[in-house]
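Participant: So the protein sequences, as listed, match chains Y and A. Here the first sequence stands for residues 0 to 726, where the numbers follow numbering that gives the first Met the number 0. Here the second sequence stands for residues 0 to 56, where the numbers follow numbering that gives the first Met the number 0. Following this message is one structure expressed as structure tokens.
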Amino acid sequence: MSLAPARFSACPACDAAPAAEALAARAPAPGARLLVSVPGVHCAGCISKIEQDLTRMDGVNSARLNLTLKRLSVDAKAGIAAQDVIARLDRLGYEAHEMDAGTISMTETEKQGRDLLMRVGVSGFAMMNIMLLSVAVWAGAEGPTRDLFHLISALIAIPTVAFAGQPFFRNAWRALRAGRMDMDGPISFAIILTLFISLYESLLSGAHAYFEAVVMLIFFLLVGRYLDFRARAVARSAAQELAALEVPRAIRLEEGRESTVDVTDLTVGDVVLVRPGGRVPVDGEVVAGQSEIDRSLLTGETLPVFSAPGHKVSAGEVNLTGPLQVRVAAAGKDSSLHRMADLVANAESARTRYTTIAERAAAAYAPTIPILSLAAFLVWYWISGGDLRLALNIAVASLIITCPCALGLAVPAVVTSASGKLFRKGLLIKDGTALERLAEVDTVIFDKTGTLTMGTPAPTNLDQHQGEASRVALALSEASSHPLAAALARALRDRGVEPAPVEGITEQAGYGVDGIWQGKRARLGRAPWVGAEARAVTAAYLAIGEETYAFTFADQLRPGAAEVVQALQAQGKAVRLISGDVPAAVRDLATRLGIADWQAEALPQEKAQAIADLHAQGHKVLMVGDGLNDTVALSAAHVSISPASALDAARAASDMVLLGRELSPVADAVRMSKTALQRIRENLWQSGIYNVIFVPIALFGFATPLWAAFVMSISSISVTLNALRLK
Amino acid sequence: MEVLVILIPASLFLGLLGLGAFVWTLRKGMYDDPDGDSQRILDDRYDDKPKPVDPED
Numbered sequence: 000m001s002l003a004p005a006r007f008s009a010c011p012a013c014d015a016a017p018a019a020e021a022l023a024a025r026a027p028a029p030g031a032r033l034l035v036s037v038p039g040v041h042c043a044g045c046i047s048k049i050e051q052d053l054t055r056m057d058g059v060n061s062a063r064l065n066l067t068l069k070r071l072s073v074d075a076k077a078g079i080a081a082q083d084v085i086a087r088l089d090r091l092g093y094e095a096h097e098m099d100a101g102t103i104s105m106t107e108t109e110k111q112g113r114d115l116l117m118r119v120g121v122s123g124f125a126m127m128n129i130m131l132l133s134v135a136v137w138a139g140a141e142g143p144t145r146d147l148f149h150l151i152s153a154l155i156a157i158p159t160v161a162f163a164g165q166p167f168f169r170n171a172w173r174a175l176r177a178g179r180m181d182m183d184g185p186i187s188f189a190i191i192l193t194l195f196i197s198l199y200e201s202l203l204s205g206a207h208a209y210f211e212a213v214v215m216l217i218f219f220l221l222v223g224r225y226l227d228f229r230a231r232a233v234a235r236s237a238a239q240e241l242a243a244l245e246v247p248r249a250i251r252l253e254e255g256r257e258s259t260v261d262v263t264d265l266t267v268g269d270v271v272l273v274r275p276g277g278r279v280p281v282d283g284e285v286v287a288g289q290s291e292i293d294r295s296l297l298t299g300e301t302l303p304v305f306s307a308p309g310h311k312v313s314a315g316e317v318n319l320t321g322p323l324q325v326r327v328a329a330a331g332k333d334s335s336l337h338r339m340a341d342l343v344a345n346a347e348s349a350r351t352r353y354t355t356i357a358e359r360a361a362a363a364y365a366p367t368i369p370i371l372s373l374a375a376f377l378v379w380y381w382i383s384g385g386d387l388r389l390a391l392n393i394a395v396a397s398l399i400i401t402c403p404c405a406l407g408l409a410v411p412a413v414v415t416s417a418s419g420k421l422f423r424k425g426l427l428i429k430d431g432t433a434l435e436r437l438a439e440v441d442t443v444i445f446d447k448t449g450t451l452t453m454g455t456p457a458p459t460n461l462d463q464h465q466g467e468a469s470r471v472a473l474a475l476s477e478a479s480s481h482p483l484a485a486a487l488a489r490a491l492r493d494r495g496v497e498p499a500p501v502e503g504i505t506e507q508a509g510y511g512v513d514g515i516w517q518g519k520r521a522r523l524g525r526a527p528w529v530g531a532e533a534r535a536v537t538a539a540y541l542a543i544g545e546e547t548y549a550f551t552f553a554d555q556l557r558p559g560a561a562e563v564v565q566a567l568q569a570q571g572k573a574v575r576l577i578s579g580d581v582p583a584a585v586r587d588l589a590t591r592l593g594i595a596d597w598q599a600e601a602l603p604q605e606k607a608q609a610i611a612d613l614h615a616q617g618h619k620v621l622m623v624g625d626g627l628n629d630t631v632a633l634s635a636a637h638v639s640i641s642p643a644s645a646l647d648a649a650r651a652a653s654d655m656v657l658l659g660r661e662l663s664p665v666a667d668a669v670r671m672s673k674t675a676l677q678r679i680r681e682n683l684w685q686s687g688i689y690n691v692i693f694v695p696i697a698l699f700g701f702a703t704p705l706w707a708a709f710v711m712s713i714s715s716i717s718v719t720l721n722a723l724r725l726k
Numbered sequence: 000m001e002v003l004v005i006l007i008p009a010s011l012f013l014g015l016l017g018l019g020a021f022v023w024t025l026r027k028g029m030y031d032d033p034d035g036d037s038q039r040i041l042d043d044r045y046d047d048k049p050k051p052v053d054p055e056d
């Protein structure tokens with residue numbers, strides 16, 4: 000299926016190439032349907048607040064919030080971008096993420112879901128009507144009346160099976176042609192054989208016809224299929240869509256002229272321009288300009304690094320303050336981004352395909368169905384001395400009773416229940432087998448920057464700077480897009496500080512901002528530049544005339560981080576912290592969270608290696624990370640989680656995505672996965688026990704259609720109820 | 000037993016009617032957002048006047 004999201008890419012550029020084309024193709028649309036994921040909505044108040052506010056927004060025709068999918072669909076005129084909607088939601092107090100509207104795949108998924116639901120409905124209604132007639136037969140209708148009822152049942156059952164049974168027949172046919180044997184083969188065989196024998200019996204006015212059992216079997220199996228499909232469809236669409244598209248373009252400088260080209264067209268020696276706020280598209284050396292570079296996604300370093308001619312930069316880093324001209328040293332396949340993609344691909348192929356518990360159960364169970372009924376047929380044929388009709392009847396009875404009605408529901412019911420509960424808590428399961436894998440985890444590895452912390456610095460000593468200093472600092476910091484300046488400006492604004500009227504504000508890329516205030520020179524920036532004494536902690540320095548001030552910063556903890564570490568340790572998991580950041584920062588955070596086992600300055604390969612070593616020792620690792628430097632580790636781990644703020648490459652490589660800012664759902668997920676796996680096991684045992692009891696009854700020839708209907712409904716319902724018990 | 004001549008077609012007809020209703024609700028997308036629908040009933044915006052008809056529906 001084309002719907003499956005690309006399993007990896009550590010190379011956003013390579014990934015986005017088709018996306019760029021799609022973007023270009025979509026561009027001239029006169030108005031568009033925007034899709035935004037809003038993980039925080041939960042009540043009627045949210046619905047009316049968001050819908051009413053957005054309908055009032057200029058250029059928006061209508062907005063509708065889907066609470067089940069936590070997704071807002073906005074019908075807007077051209078010119079309105081998802082970013083505008085997100086900003087508006089942000090003001091309302093809702094966190095939102097853009098979704099790739101991939102409208103085609105969305106409607107395709109919806110169509111498939113409706114198609115399955117339609118088949119569920121048709122078989123359900125047919126089942127009820129046939130059951131009405133069957134109850135009369137079971138109650139003692141005899142002779143022509145019974146035959147008439149059987150024939151009317153056949154009249155309903157045959158078209159129903161022909162329509163509702165198609166998914167099974169199609170799968171069985173595909174498997175048969177490929178020479179495989181899966182669950183749908185025996186199921187289709189049972190359905191068709193039972194239908195024909197029942198029809199034959201009804202025409203010869205026989206006592207037993209299994210029309211209701213056949214339709215009931217289809218109904219329950221389809222319900223299981225539908226649940227399974229929904230769980231996957233919700234996850235799939237939501238994971239795809241969180242993608243913030245990055246168009247792989249670069250600005251090439253040719254004799255002083257700028258031209259926009261594809262990254263793939265760049266050659267070594269070209270000079271590209273990287274504007275402030277832009278991502279460096281290639282590996283290379285700075286030839287002109289001064290700026291600061293944010294390397295957090297590549298290395299996990301929180302602090303921006305100064306960059307000037309002669310310094311090396313790598314693809315994927317973000318240029319912060321001033322324009323840079325970079326001479327290409329490696330582009331495309333040779334760049335560090337691409338090497339990372341290769342590492343991810345290697346890690347992926349090393350990860351063996353996981354066989355789920357349902358697959359194992361089906362593999363063990365599938366052959367027994369035809370074998371048992373064939374044995375019943377042969378034995379009874381021999382005992383009865385060649386009574387073909389009796390032998391066939393018993394064979395059919397055992398066939399329909401052994402059919403894995405509850406088995407089809409056992410796993411999807413639990414997975415649906417669990418993933419629904421986790422989704423409501425803010426965790427999205429992208430991969431159907433992830434829950435099972437998560438239950439086996441005994442070691443949890445966290446990344447630091449962007450995972451345990453928000454990855455954004457927050458000022459820590461604003462109380463020491465009142466009045467004049469804070470007002471001047473606000474005026475200067477608002478002129479810069481540097482992360483420290485932006486954080487400072489936001490924090491000061493939140494405290495109700497008004498900016499001082501500073502004049503002649505200019506930004507010196509790579510150093511800071513300066514201006515004139517009351518005839519005195521005011522500067523905000525690096526310590527040597529403003530003339531202040533540098534401190535050991537992260538800080539921005541302000542100088543007004545001769546007076547200097549230091550604003551210190553610390554990376555903010557992600558909400559719920561401390562609780563998650565505690566909860567995981569309480570559950571007996573080993574918790575480790577592996578970061579690419581400097582030892583001091585990592586040690587500090589590890590002590591604050593109570594993580595004894597930490598490692599700093601780890602390269603992407605080293606992170607993956609640490610996981611591989613643990614796997615070799617028989618441990619199962621859960622990796623939680625967000626950066627490009629984590630993608631290799633994420634794909635190497637037994638199961639992986641990334642926050643929604645992570646780079647799309649990291650999200651694509653992980654099995655689950657945290658939708659909100661909170662980290663706490665991670666601990667819930669680990670706990671829930673254990674109970675879910677236990678419920679699955681219970682369910683499989685339960686459906687097995689029904690068979691152990693009723694198969695002998697069928698084999699000895701005592702089974703009647705009433706028994707078959709009874710066993711099927713009881714086992715299916717008990718399995719579903721057990722799944723709903725999940726807390 | 001002659002009553003069956005009427006009752007059986009009647010039950011089949013009612014069954015088909017139910018199926019038809021189901022198909023209609025499915026086509027109208029009434030199963031797309033069960034959580035939202037259960038919450039929307041608490042919305043008091045259209046308590047005194049009906050919601051204006053959306054031309055798309």
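Glycine included, C-beta positions come from ideal geometry on N, C-alpha and C.
In angstroms, rounded to a whole number, what distance separates the CA positions of Gly39 of chain Y and Ile7 of chain A?
Facilitator: Cα to Cα, the separation comes out at about 52 Å.
Participant: Could you give the uninterrupted runs of the beta strand (DSSP E) lying entirely in the region 573-634 of chain Y, keeping only those of 3 residues or more?
Facilitator: 573-577, 596-598 and 620-623
Participant: Just to confirm my understanding: we take Leu461 of chain Y, look at its own chain, exclude 5 residues before and 5 after, and list those with CB closer than 8 Å. What are they?
Facilitator: Closer than 8 Å at the Cβ level, and outside the excluded window around Leu461 of chain Y, lie Ser469, Ala490, Leu491, Arg494 and Phe550.
Participant: Using the Cα positions of Leu434 of chain Y and Leu216 of chain Y, report the straight-line distance between them to the nearest angstrom.
Facilitator: When rounded, the distance between both Cα atoms is 27 Å.
Participant: Does any residue of chain A bring its CB to less than 8 Å from the CB of Arg113 of chain Y?
Facilitator: Chain A, which has a Cβ nearer than 8 Å to the Cβ of Arg113 of chain Y, makes this yes.
Participant: Does the beta carbon of Phe210 of chain Y sit closer than 8 Å to a beta carbon anywhere in chain A?
Facilitator: Taking a beta-carbon distance threshold of 8 Å, Phe210 of chain Y does not count as an interface residue toward chain A.
Participant: Over the uninterrupted beta strand (DSSP E) stretch that includes Met671 of chain Y, give me the two end residues.
Facilitator: Met671 of chain Y -> not in any beta strand (DSSP E); alpha helix (DSSP H) instead, spanning Pro664 to Leu698.
Participant: Alpha carbon to alpha carbon, how far is Leu323 of chain Y from Arg70 of chain Y?
Facilitator: Cα to Cα, the separation comes out at about 39 Å.
Participant: Could you tell me the alpha carbon to alpha carbon distance between Asp612 of chain Y and Ala636 of chain Y, rounded to whole angstroms?
Facilitator: 11 Å
Participant: Rounding to the nearest angstrom, what Cα-Cα distance links Ala583 of chain Y and Lys606 of chain Y in this structure?
Facilitator: 18 Å
Participant: DSSP three-state label for Ile40 of chain A, please.
Facilitator: coil
Participant: Just how far apart, CA to CA, sit Leu657 of chain Y and Leu116 of chain Y?
Facilitator: 29 Å
Participant: Under a Cβ-count criterion, where at least 16 other Cβ atoms within 10 Å of its own Cβ denotes burial, should Lys29 of chain A be classed as buried or exposed?
Facilitator: Note on residue identity: the sequence assigns Met, not Lys, to residue 29 of chain A. Exposed, because fewer than 16 other Cβ atoms sit within 10 Å of the Cβ of Met29 of chain A.
Participant: Report yes if the CB atom of Leu523 of chain Y is closer than 8 Å to the CB atom of Ala539 of chain Y, and no otherwise.
Facilitator: yes
Participant: Consider the C-beta atom of Thr442 of chain Y and the heavy atoms of the ligand ATP; say whether any pair is separated by less than 7 Å.
Facilitator: The ligand ATP is absent from the structure shown, which contains no ligands of any kind.
Participant: Can you name the start and end residues of the beta strand (DSSP E) that Lys48 of chain A belongs to?
Facilitator: Premise fails: Lys48 of chain A is in no beta strand (DSSP E) and is neither H nor E.
Participant: How is Val325 of chain Y classed by DSSP in three states: helix, strand or coil?
Facilitator: Correct three-state label for Val325 of chain Y: strand.
Participant: Could you work out which residues of chain A lie near Thr67 of chain Y, taking near to mean beta carbons separated by less than 7 Å?
Facilitator: The answer, in chain order, is Asp32, Pro33, Asp34 and Gly35.
Participant: Which residues of chain A have a Cβ atom closer than 7 Å to the Cβ of Ser47 of chain Y, listed in chain order?
Facilitator: Under the 7 Å cutoff, chain A gives Asp42 and Arg44.
Participant: Could you pull out every unbroken beta strand (DSSP E) segment of at least 3 residues lying fully inside the region 347-429 of chain Y, listed in chain order?
Facilitator: 426-428
Participant: Check the Cβ-Cβ distances between Ile5 of chain A and every residue of chain Y, and say whether any is below 8 Å.
Facilitator: no
Participant: On a Cα-Cα basis, can you pick out the residue from Y:Ala485, Y:Lys619, Y:Met453 and Y:Ile543 that is closest to Gly466 of chain Y?
Facilitator: Y:Ile543
Participant: Run through the DSSP bridge pairs and tell me what Tyr548 of chain Y is partnered with.
Facilitator: Y:Leu541
Participant: Tell me which same chain residues have a C-beta within less than 7 Å of the C-beta of Ser715 of chain Y, skipping the five on either side of it?
Facilitator: Phe219, Cys404, Ala405 and Leu408
Participant: Please check the pair Ile679 of chain Y and Ile356 of chain Y, which I expect to be a contact at CB under 8 Å, by giving their CB distance rounded to whole angstroms.
Facilitator: 6 Å
Participant: Return the chain-ordered list of same chain residues with a C-beta closer than 7 Å to the C-beta of Val807 of chain Y, the five sequence neighbours on each side being excluded.
Facilitator: As shown, chain Y starts at 0 and ends at 726. That puts residue 807 of chain Y outside it, with no answer to give.
Participant: Assess contact between the region 590-606 of chain Y and the region 681-699 of chain Y, defined as three or more Cβ pairs (one per stretch) separated by less than 8 Å. Is contact present?
Facilitator: no
Participant: Which class does Asp282 of chain Y belong to by DSSP, given the choice of helix, strand or coil?
Facilitator: strand
Participant: Exposed or buried, Gln38 of chain A, counting other C-beta atoms within 10 Å across all chains shown (16 or more means buried)?
Facilitator: buried
Participant: Compute the Euclidean distance between the alpha carbons of Ser644 of chain Y and Thr452 of chain Y, then round it to the nearest angstrom.
Facilitator: Looking at the two C-alpha atoms, the distance is approximately 12 Å.
Participant: Is there a Cβ of chain A sitting closer than 8 Å to that of Ile577 of chain Y, yes or no?
Facilitator: no
Participant: List the whole-angstrom C-beta distance separating Leu198 of chain Y from Ala153 of chain Y, where the pair is believed to meet the contact cut-off of C-beta under 8 Å.
Facilitator: 5 Å
Participant: Under the three-state reduction of DSSP, which class applies to Arg256 of chain Y: helix, strand or coil?
Facilitator: strand
Participant: Could you check whether Glu284 of chain Y and Val325 of chain Y sit closer than 8 Å to each other, using their CB atoms as the reference points?
Facilitator: yes
Participant: If you drop the 5 nearest sequence neighbours on each side, which residues of the same chain put their C-beta closer than 6 Å to that of Ser663 of chain Y?
Facilitator: Gly559, Glu562 and Val563
Participant: Going by C-alpha to C-alpha distance, which of Y:Phe188, Y:Tyr209, Y:Met56 and Y:Gln598 sits closest to Ile151 of chain Y?
Facilitator: Y:Tyr209
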